[in-house]
Amino acid sequence: MISLFFILFSIVILYNVNSMTNALCLQKEIPEDRQPKVFRTINILITILLLSSYLEILYT
1052 MISLFFILFS IVILYNVNSM TNALCLQKEI PEDRQPKVFR TINILITILL
1102 LSSYLEILYT
């Protein structure tokens, strides 16, 4: 049950972070060729954070 909740929570978090990243790229006028790198970096870091949170919840 907790896994399903956490997966849904993670999807919502990733969607919101990507929306905010897009707004940041537009506001700061980051060039089109650098935007994929920005998105990739932020998505990897958020995924690591979510995974570590899930493992902490799972094993405590």
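In the working numbering, the protein residues as written are 1052 to 1111. Every residue gets a Cβ at the ideal spot worked out from N, C-alpha and C, and that includes glycine.
Rounded separation between residue 1111 and residue 1070 - CA only: If you take the alpha carbons of residue 1111 and residue 1070, they lie about 32 Å apart.
Distance, residue 1093 Cα to residue 1101 Cα: Those two C-alpha atoms are separated by around 12 Å.
For residue 1088, the three-state DSSP class (helix, strand or coil): Here residue 1088 carries a helix assignment [DSSP, helix/strand/coil].
Cα-Cα separation, residue 1106 to residue 1099: Those two C-alpha atoms are separated by around 11 Å.
Helix, strand or coil at residue 1105 according to DSSP, with G and I counted as helix: Per DSSP, reduced to three states, the secondary structure at residue 1105 is helical.
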